[in-house]
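Protein chains: 2
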Amino acid sequence: MEVVKDPAEMQRKAEGWRREGKVIAFVPTMGYFHEGHLSLMREGRRRGDVLVVSIFVNPTQFGPQEDFERYPRDLQRDLRMAEEVGVDVVFAPEAGAMYPPGFQTYVEVKDLQEHLCGLFRPGHFRGVATVVAKLFNIVKPHVALFGKKDYQQLLIIEQMVRDLNMDVQIVGLPTLREPDGLAASSRNAYLSPEERKAALALSRSLKRAEELFSNGERRTERILGEVRSILEADPLLQVEYVELCDPRTLEGLRGEVGKGALLALAARVGTTRLIDNTILGEVDSAEDNAQGQDPQG
Amino acid sequence: MEVVKDPAEMQRKAEGWRREGKVIAFVPTMGYFHEGHLSLMREGRRRGDVLVVSIFVNPTQFGPQEDFERYPRDLQRDLRMAEEVGVDVVFAPEAGAMYPPGFQTYVEVKDLQEHLCGLFRPGHFRGVATVVAKLFNIVKPHVALFGKKDYQQLLIIEQMVRDLNMDVQIVGLPTLREPDGLAASSRNAYLSPEERKAALALSRSLKRAEELFSNGERRTERILGEVRSILEADPLLQVEYVELCDPRTLEGLRGEVGKGALLALAARVGTTRLIDNTILGEVDSAEDNAQGQDPQG
């Protein structure tokens, strides 16, 4: 496995592979790997002749009050894990190489960013779209893999790729969960044992919504009310949003929901911001141990 | 010569060429070709194994009060001219194929657009950057050619390419001029004979500024004053801006100017908006018949 720091060198490598007819699979990450990252890499390994993983804690997607500085980093551990999964190249640029003095160009997906996390993290998705556009131009992937835990991010990247005619196939993979249901996230490292326990309310509330839905409940108010009450029952937990939305446009749904609606939420546990989501009536993004659902729907 | 309308087909072709190791040269245009376009194509012909020219009157770079509807179009004439110059493929998509329903992604070069034309045409350079990003992803050029008459556009595209790590070499070519000095522009077709004559004040004023500069004048106020007074002498002509700026950042210059400063102007002749510019002390972007300058100077 090779580690490349220089964007120009990475780009030359990628162009060389394409010239040789090799399929490039790409997993962009901020590092501090967990099972979710590894599942993306394993799928990338299956799909590509060459597998590239980027590790870059992207400053432009953090707000001034957010956790850029303390975001967990452990490059040596990440490199060991990447090597084990069979990654060919880890691209790990410095911030100064990605954003040299005078940098001023941004990619923005206008409508999709006006919902959910976009409302609470101004500038976040502009930073995400911009860095992913840059990474795609550097790594030149045929296929890029993203996790569905960051559902809005996945949707925004798919839209950007379509709108800007990027020649990349985007693959979204199911959220990986701990045995107790907590969605895998690098930010879980912030949680104290007590907070870790409180954080379980997120997946538990989604599971309860799935249960209600599979029992025939369709009223958004009832479903949202139940989710909120589970989250608000825990004093360590502060809800940021709980929304039922159209899974393509992210417009909020009112009245009744059908199969395929997105239930998304964000909450703070202490100072740690966590997100989670599920597609109602779909097995793949619900909890791995969700019951009472028919996969054929 | 082939005419391709479908972006996906164009992209497949381009990817095929790259796989074969062919160098793709690209000239993006809005059509209604003049000598300026042809000079870009001829240079593209020299630099590429394959030469692609796009013809697309891009709606997103026109303001609501601007001339999108009446912008001159003559595809048949353009195709004949392109064929004569040795173009391999003309890419001429429909607006609906470039901006399908739900389109919402934009590329913006933040600082460079806050000057000159950017102040008078809000959204214009966002539209330019976005469509050029799209065209680059579709045509996958190794080298793309632009005219220096649209100096700010050229600078913005160079910045976008650098900031987003696009793997394209940008080449800027000198402004082509009519024998009487008028900069070649598709919009010259709007001019009545009387307006055509009035429009000569633009290049004449730049030439006068070059003269002053080569005679040792360095005071911005004196140079700008002289240019303005030439433009304002014609009652058919309405000045939009006359600026001396840093040729890389477009920041306005005050006090004294040195060699290499950009002198840029925009004016309306009747309802037609025209622009022109020169780099003080440089031969290539001054008038072809400018005198008294040392090319090595």
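These protein sequence lines are chains A and U, in that order. Numbering follows my numbering, with no gaps: position 200 of the first sequence is 200. Count along the second sequence from 1, then add 297; that gives the number in my numbering. C-beta: ideal position from N, C-alpha, C; glycine also. These numbers were taken from a predicted model, which means no experiment stands behind them.
Which residue comes first and which comes last in the alpha helix (DSSP H) that contains residue i?
i, result
"residue 125 (chain A)", "124 to 139"
"residue 492 (chain U)", "490 to 495"
"residue 565 (chain U)", "It is not in any alpha helix (DSSP H) - residue 565 (chain U) instead sits in the beta strand (DSSP E) that spans 559 to 566."
"residue 517 (chain U)", "517 to 529"
"residue 465 (chain U)", "Element bounds for residue 465 (chain U): n/a, residue is neither H nor E."
"residue 480 (chain U)", "From DSSP, residue 480 (chain U) is part of no alpha helix (DSSP H); its letter is neither H nor E."
"residue 120 (chain A)", "117 to 120"
"residue 86 (chain A)", "Premise fails: residue 86 (chain A) is in no alpha helix (DSSP H) and is neither H nor E."
"residue 310 (chain U)", "304 to 316"
Is there a Cβ of chain U sitting closer than 8 Å to that of residue i, yes or no?
i, result
"residue 18 (chain A)", "yes"
"residue 165 (chain A)", "yes"
"residue 103 (chain A)", "yes"
"residue 148 (chain A)", "no"
"residue 226 (chain A)", "no"
"residue 55 (chain A)", "no"
"residue 58 (chain A)", "no"
"residue 2 (chain A)", "no"
"residue 11 (chain A)", "yes"
"residue 151 (chain A)", "no"
"residue 109 (chain A)", "yes"
"residue 291 (chain A)", "Here residue 291 (chain A) scores only 37 on pLDDT, less than 50, and its place in the model should not be relied on; the value that follows carries that caveat. No, because no Cβ of chain U sits closer than 8 Å to the Cβ of residue 291 (chain A)."
Given residue i, which residues of its chain have a CB within under 8 Å of its CB, disregarding the five upstream and five downstream residues?
i, result
"residue 222 (chain A)", "212"
"residue 457 (chain U)", "404, 406, 426, 429, 430, 463"
"residue 182 (chain A)", "188, 196, 199, 200, 202, 203"
"residue 231 (chain A)", "201, 202, 205, 237, 239, 242, 265, 267"
"residue 331 (chain U)", "473, 481, 482, 483, 485"
If we define contact as Cβ-Cβ less than 8 Å, is residue i a contact residue for chain A?
i, result
"residue 596 (chain U)", "The requested residue 596 (chain U) is not part of the displayed model; chain U covers only 298 to 594."
"residue 455 (chain U)", "no"
"residue 415 (chain U)", "no"
"residue 312 (chain U)", "yes"
"residue 430 (chain U)", "yes"
"residue 318 (chain U)", "yes"
"residue 304 (chain U)", "yes"
"residue 409 (chain U)", "yes"
"residue 435 (chain U)", "yes"
"residue 553 (chain U)", "no"
"residue 347 (chain U)", "no"
"residue 403 (chain U)", "yes"
"residue 591 (chain U)", "Confidence in residue 591 (chain U) is poor, its pLDDT being 39 and thus under 50, which makes the residue's placement too unreliable to answer from."
Just tell me which of the options has its CA closest to the CA of residue i.
i, options, result
"residue 61 (chain A)", "A:139, A:128, A:235", "A:128"
"residue 322 (chain U)", "U:330, U:311, U:316", "U:311"
"residue 135 (chain A)", "A:23, A:30, A:36, A:281", "A:30"
"residue 344 (chain U)", "U:455, U:329, U:384, U:389", "U:384"
"residue 348 (chain U)", "U:379, U:545, U:574", "U:379"
"residue 412 (chain U)", "U:363, U:401, U:550, U:373", "U:550"
"residue 56 (chain A)", "A:65, A:168, A:74, A:66", "A:74"
"residue 569 (chain U)", "U:373, U:363, U:548", "U:363"
Which same chain residues end up closer than 6 Å to residue i when comparing Cβ atoms and leaving out the 5 residues on each side of it in sequence?
i, result
"residue 392 (chain U)", "356"
"residue 506 (chain U)", "520, 524, 560"
"residue 153 (chain A)", "128"
"residue 300 (chain A)", "Any answer about residue 300 (chain A) is impossible in this case: the structure gives chain A only from 1 up to 297."
"residue 369 (chain U)", "329, 483, 486"
"residue 351 (chain U)", "325, 388, 432"
"residue 314 (chain U)", "321, 347"
Name the DSSP bridge partner or partners of residue i?
i, result
"residue 351 (chain U)", "U:325, U:388"
"residue 274 (chain A)", "A:267"
"residue 535 (chain U)", "U:565"
"residue 105 (chain A)", "U:406"
"residue 45 (chain A)", "Answer by DSSP bridge pairing: none, since residue 45 (chain A) is not bridged."
"residue 73 (chain A)", "Beta-bridge pairing links residue 73 (chain A) to no other residue."
"residue 211 (chain A)", "Paired residues: none, contrary to the question."
"residue 177 (chain A)", "A:183"
So residue i is in the beta strand (DSSP E); what residue range does that whole segment cover?
i, result
"residue 456 (chain U)", "Segment 448 to 460 is the alpha helix (DSSP H) holding residue 456 (chain U); no beta strand (DSSP E) there."
"residue 2 (chain A)", "2 to 4"
"residue 444 (chain U)", "440 to 444"
Beta-carbon within less than 7 Å of residue i's beta-carbon, same chain only, minus the 5 sequence neighbours each way: which residues are those?
i, result
"residue 122 (chain A)", "63"
"residue 566 (chain U)", "488, 492, 495, 496, 533, 534"
"residue 467 (chain U)", "441, 443, 454, 455, 458"
"residue 85 (chain A)", "38, 41, 42, 45"
"residue 475 (chain U)", "481"
With a threshold of 7 Å (Cβ to nearest heavy atom), would residue i be considered close to the ligand NAD?
i, result
"residue 62 (chain A)", "The model depicted lacks the ligand NAD and carries no ligand whatsoever."
Kindly say whether residue i, judged by its beta-carbon, lies nearer than 8 Å to any beta-carbon of chain C.
i, result
"residue 18 (chain A)", "The displayed structure is made up of protein chains A and U, and chain C is not among them."
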